[in-house]
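In what follows, a single structure is set out as structure tokens and then discussed.
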Amino acid sequence: MEENGRYIGTPNGMVLCVDKNSDGIIEGFLYHGYHKEGFPVKGYEQIIRIAERLFNALEFPFMGTGDRDIYGRTHSRQKKERMARVLEDEKLLEKHGDMGTFVIRVQHRQHSSWQGRVTYLEENKSVYFRSVLELIKIIDGALDEAERTAGTEDSKE
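If you want it as structure tokens, here you go:
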């Protein structure tokens, strides 16, 4: 991971605050600038659904391929009302999780997945991801490392 400053830097940036990690199922809150309260999340599926709704409403990043159903039909999105930003980046960056805090910046939605950058705020490290699966693995790896580090610090006391 490379080092970076603490910023959001994109209208669709989100802050994921992880409070609990039980057998790979994370729990916490997801924040973005278009909703005053955080969305409680349990598992990555909820994070993906909330983020996709945000991206579709903002029409950013533009979806490279349409959503398909089991029958192979592609579905187009209805244009929605413009969303008004209610939280500034500084307020979003004040949010923190008990286990970890991640700033997620999705820059592209191509090949039916996401591409962008994630910053692990506790370590001030950023890394680019090429898919949602890679993003999940990056977050899980950071949380696993934080748990290992906390475990070795507890044993020293």
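All the letters of the sequence shown, read from the start, carry residue numbers 294 to 450 under this note's numbering.
Each residue gets a CB set at the ideal place from its N, CA and C atoms; glycine is no exception.
Query: Residues near residue 312 in its chain [Cβ-Cβ closer than 7 angstroms; skip 5 each side]; Result: 320, 321, 390, 391, 392
Query: Simplified DSSP state of residue 409, which is helix, strand or coil; Result: strand
Query: For residue 407, the nearest candidate out of 429, 419, 394, 437 (CA to CA); Result: 429
Query: Three-state secondary structure assigned by DSSP to residue 394; Result: strand
Query: Reference residue 344; option with closest CA among 306, 405, 439; Result: 306
Query: Reduced DSSP category for residue 379 - H, G, I as helix; E, B as strand; rest coil; Result: coil
Query: Three-state secondary structure (DSSP) of residue 417; Result: coil
Query: Supposed contact pair residue 347 and residue 327 - C-beta distance, whole angstroms, cut 8 angstroms; Result: 7 angstroms
Query: Cβ-based neighbour list, residue 400, same chain, cut-off 8 angstroms, excluding 5 preceding and 5 following; Result: 303, 354, 408, 409, 410
Query: Counterpart residues of residue 366 in DSSP-defined beta bridges; Result: None, per the DSSP bridge assignment.
Query: Euclidean distance between Cα positions of residue 436 and residue 427; Result: 14 angstroms
Query: Backbone CA spacing between residue 419 and residue 362 [nearest angstrom]; Result: 34 angstroms
Query: DSSP-derived helix/strand/coil call for residue 313; Result: strand
Query: CB contact flag (residue 318, residue 382, <8 angstroms); Result: no
Query: Integer Cβ distance of residue 358 from residue 405, believed to fall under 8 angstroms; Result: 5 angstroms
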